[in-house]
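For the sequence shown, the numbering used here gives the first residue as 11, with consecutive numbering after it. Positions of the beta carbon are idealized from the N, C-alpha and C atoms, including for glycine.
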Amino acid sequence: NITVINTMPGFMTTLVFDSDEAVIDAKPGFEEAWEAKKDANRVYVRPLALQQGAPGQDGNTAQVVIPPNSQDWHTNMLVVTTKRLYNVELNVIDDKSAQQPAFQVSYSYPGEARDKANREASARQKEWEQKQQEARIEKSL
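Below you can see the structure in the form of structure tokens.
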């Protein structure tokens, strides 16, 4: 599955993974134009403006700033965690877009949460049975 992230210049999107999942690496395909910072189980991603040299009228090289735009900033990002690989599509949207920027994307796995709850319930049941057995032994002595 690929998660599509729409963002805008000046906005940051936070990807939040499971609490027991640590981010090892996060690399956008167009690294010069996207910042991806990892922190524990999160990745912060935002589009960056590019500075590029261009010949000026006086013959010298002038610095030109290219702001993030929807045509040129479309790329992907691979996030590697201690549990999974995530493929993300990164898009810059403009002010006129009907789409909204994503501020936070949280990944959840209901099956894993259910399995964990079942394991915990089973452990509690075993502990209760052990205490009941100990009480019966204590009573018979």
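- Query: Between which two residues does the beta strand (DSSP E) containing N86 stretch?
  - Reply: Translated into the one-based positions of the sequence shown, residue 86 becomes position 76. In the DSSP assignment, N86 falls within the unbroken beta strand (DSSP E) covering 85-91.
- Item | N-terminal and C-terminal residue of the beta strand (DSSP E) that A46 is part of | Looking up residue 46 in the sequence shown gives position 36. That run of the beta strand (DSSP E) goes 44-49.
- Query: Below 9 Å between beta carbons: does that hold for N51 and Q110?
  - Reply: In the sequence shown, residue 51 corresponds to position 41, counting from 1. In the sequence shown, residue 110 corresponds to position 100, counting from 1. Between N51 and Q110, the CB-CB gap reaches or exceeds 9 Å.
- Where the beta strand (DSSP E) containing Q62 begins and where it ends: In the sequence shown, counting from the first residue as 1, residue 62 sits at position 52. Residues 60-65.
- Task: Spell out the partners DSSP gives I12 in its beta bridges.
- Result: Along the sequence shown, one-based indexing puts residue 12 at 2. DSSP lists N97 as partners of I12.
- Query: Is S80 near N97, with beta carbons less than 9 Å apart?
  - Reply: The residue given as residue 80 occupies position 70 in the sequence shown. The residue given as residue 97 occupies position 87 in the sequence shown. No, the pair does not count as a contact, with Cβ atoms beyond the cut-off.
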